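Every number in the working numbering is 15 more than the matching position in the sequence shown, counting from 1.
Worksheet: one structure, shown below.
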Amino acid sequence: MGRMLLPAALVAAGLLAAAPSALAKGPFKICGVSGCAVLGPEDQPLIRLGNTTGGTLAPPAPAPYYAVRFGDDVGSTLAYWIPSVSVLRLFTSGPAVWVAALPAEEAVLRAQTAGLQPYPAPKHVAAFVDDGNVRAGDTYLRLYTIGTPVASAPVSTEWLGIWLHGGTSPWTDGMSSFWISKRGSLLKRDGQMLRISPALAKRIRAHLPLS
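In structure tokens form, the structure reads like this:
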């Protein structure tokens, strides 16, 4: 299986983004480009944080989003909300996961973000495949929306790692996990097995743009 050798500073940044700071205090807030609104007291965030009750979803296409943080800790993101599809991106002990907001969560989120401008959808990302830099990395944002789910991969399948990083959005924060099969046309995305076109798989392994 291929390994991704990432700069230590980038690995550390990803770990900090994935977990709330032990020193963070203050109420939970939901933030957009125009500011933040209180989402709940420090001991009652009003949304799930790391709890995947109700099952997980495939990720949505990049879209405007909000970030959930401790009020006094702007450096750590605890969850993301994508209002156009009412999906939360959560951090867990494994890969980051996407879940549908529960009705009560959605009601609170929409009420607290009324008049609050979301962060714009990301358009740029750096991409690496098996430690090699990808040309036109921005096109690799397509990895979030391509593929047909399959039950499993052959036990003998070997994998090359794919890494995306380049911002603080749920699509570019470096916390998602991607792998492309060394042969054939299988893609793993945050633990989900997918089949993609052979032509697209070859382009990924060759570090070529996806469009």
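A virtual CB, placed ideally from N, CA and C, is assigned to each residue, including glycine.
These numbers were taken from a predicted model, which means no experiment stands behind them.
Option nearest residue i by Cα separation, candidates the options
| i | options | result |
| --- | --- | --- |
| A122 | L54, R198, P42 | L54 |
| D205 | S212, W186, S99, K44 | W186 |
| P75 | F85, P98, A82, L64 | P98 |
| S49 | G69, T128, K203 | T128 |
| L303 | S184, I195, R210 | It is not possible to answer for residue 303, since the shown part of the chain is limited to 16 through 226. |
| W194 | H180, P213, G182, E173 | E173 |
| Y80 | T71, S91, W96, L72 | W96 |
| D58 | G41, V149, R150, S108 | G41 |
| M190 | G70, I45, L93 | L93 |
Beta-bridge partners of residue i, as assigned by DSSP
| i | result |
| --- | --- |
| P209 | It is Leu, not Pro, that sits at residue 209 in the sequence shown. P164, L202. |
| V83 | I45, A94 |
| H180 | A141 |
| Y134 | Y80 |
| S196 | W174 |
| L72 | W113 |
Residue i: CB within 7 Å of a non-hydrogen atom of the ligand ATP
| i | result |
| --- | --- |
| V48 | In terms of ligand content, the structure shown is empty, and the ligand ATP therefore cannot be addressed. |
C-beta neighbour in chain B for residue i, strict 8 Å
| i | result |
| --- | --- |
| L209 | Going by chain labels, chain B is absent from the structure shown, which holds only one protein chain. |
Alpha carbon of residue i to alpha carbon of residue j, nearest angstrom
| i | j | result |
| --- | --- | --- |
| L61 | E120 | 7 Å |
| N66 | R198 | 35 Å |
| A116 | V102 | 5 Å |
| G162 | S171 | 21 Å |
| S167 | L175 | 17 Å |
| L64 | G130 | 24 Å |
| L215 | M208 | 16 Å |
| V114 | I219 | 27 Å |
| V229 | A136 | There is no way to answer for residue 229, as the model of the chain reaches only from 16 to 226. |
| A111 | S200 | 23 Å |
| G86 | S192 | 29 Å |
| A39 | G47 | Since pLDDT at A39 reaches only 48, below the 50 mark, its modelled position is unreliable, and no value is offered. |
| V165 | V83 | 33 Å |
| P56 | H222 | 46 Å |
| D146 | I177 | 8 Å |
| V100 | P169 | 34 Å |
| Y134 | D153 | 18 Å |
| K203 | R210 | 9 Å |
| A142 | R125 | 33 Å |
Start and end residues, alpha helix (DSSP H) containing residue i
| i | result |
| --- | --- |
| V123 | 118–127 |
Delimiting residues of the beta strand (DSSP E) encompassing residue i
| i | result |
| --- | --- |
| I62 | I62 -> no beta strand (DSSP E), and no H or E assigned at all. |
| A150 | The displayed chain sequence assigns Arg, not Ala, to residue 150. That residue, R150, is in no beta strand (DSSP E); it is neither H nor E in DSSP. |
| F106 | F106 -> no beta strand (DSSP E), and no H or E assigned at all. |
| L54 | 50–55 |
| W113 | 112–115 |
Report yes or no: do the segment 151–163 and the segment 213–226 share at least 3 C-beta pairs separated by less than 8 Å?
Judged by Cβ distances under 8 Å, the segment 151–163 makes contact with the segment 213–226, as three or more pairs qualify.
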